[in-house]
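Reading through the structure tokens given below for one structure.
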Amino acid sequence: MRTAFDFSPLYRSSIGFDRVFNLLENAPQAVDSWPPYDIERSDENTYRVKIAVAGFSEDDLDISHEPNLLIVSGERKELGTVEYLHRGLPVRPFTRRFELADHMTVTGASLNNGLLTIDLVREVPEEMKPRRIAIAKQGGAPKAGQVEKPKQAA
1 MRTAFDFSPL
11 YRSSIGFDRV
21 FNLLENAPQA
31 VDSWPPYDIE
41 RSDENTYRVK
51 IAVAGFSEDD
61 LDISHEPNLL
71 IVSGERKELG
81 TVEYLHRGLP
91 VRPFTRRFEL
101 ADHMTVTGAS
111 LNNGLLTIDL
121 VREVPEEMKP
131 RRIAIAKQGG
141 APKAGQVEKP
151 KQAA
């Protein structure tokens, strides 16, 4: 499904952002809001996803990390035959997908009081971090920090 936005002017002046534009163009229009979740950022490279999964145990949940994608799914296993007079807890199966930026890794997950917490960290490899490129001087030009000697008249 295409969005109403035209990203073609951005393609002319940006390189390597194809994935971002594809995400924006193919973003789902109707978003399922269950189960509810929060995304927190504690610093520039540390994130936490909290998902409300009341009624699910650790055995009912599955977390998988693929390149640039975090998938959390849950399916409650029925314990015997129980006759419900009223069923108000939403324990239906779910799958929640989170698109991740490059170099994001899952560092841990925990389930406490019906809240699934997943910790993520962006670990950019040293060779991918920005670095300063020195410009070489040509000929007899002085190096940075050097002062030229004044020329004497002959």
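Be aware that the sequence shown starts at 1, since it is given in full-length UniProt numbering, and climbs by one per residue. Every residue gets a Cβ at the ideal spot worked out from N, C-alpha and C, and that includes glycine.
If contacts are defined as beta-carbon pairs under 8 Å, then residue i and residue j qualify, I think. What distance do you get, rounded to the angstrom?
i, j, result
"R131", "N45", "Going by Cβ atoms, the distance from R131 to N45 rounds to 18 Å, so no, they are not a contact pair."
"G108", "A52", "The pair is not a contact, with the Cβ atoms about 18 Å apart (cut-off 8 Å)."
"L120", "V20", "Incorrect: roughly 18 Å between the Cβ atoms, too far for contact."
"R96", "Y37", "7 Å"
Compare the beta carbon distance of residue i and residue j with 9 Å and say whether it is the shorter of the two.
i, j, result
"V106", "F56", "no"
"E40", "Y47", "yes"
"V124", "H103", "yes"
Rounded to the nearest angstrom, what separates residue i and residue j at their Cα positions?
i, j, result
"E127", "S64", "27 Å"
"R87", "K129", "52 Å"
"P93", "A101", "27 Å"
"I118", "Q138", "54 Å"
"W34", "I133", "49 Å"
"E78", "E66", "29 Å"
"L85", "S42", "44 Å"
Once the 5 residues before and after residue i are set aside, which same chain residues still bring their CB inside 8 Å of it?
i, result
"L61", "V53, V72, S73, G74, L111, L116"
Counting only the same chain and skipping the five closest in sequence on each side, list residues whose C-beta sits under 6 Å from that of residue i.
i, result
"M1", "Any reading at M1 is ruled out, since the residue's pLDDT is 46, under 50, leaving its predicted position unreliable."
With a CB to CB cut of under 7 Å and the five nearest residues on each side skipped, what residues in its chain are close to residue i?
i, result
"L89", "A54, G55"
"residue 207", "Because the chain is modelled from 1 through 154, residue 207 falls outside the range shown and cannot be assessed."
"A136", "none"
Please go through the stretch 94–122 and give each complete beta strand (DSSP E) segment of 3 or more residues, from N-terminal end onward. List check, beta strand (DSSP E) in window: 94–99, 104–112, 115–122.
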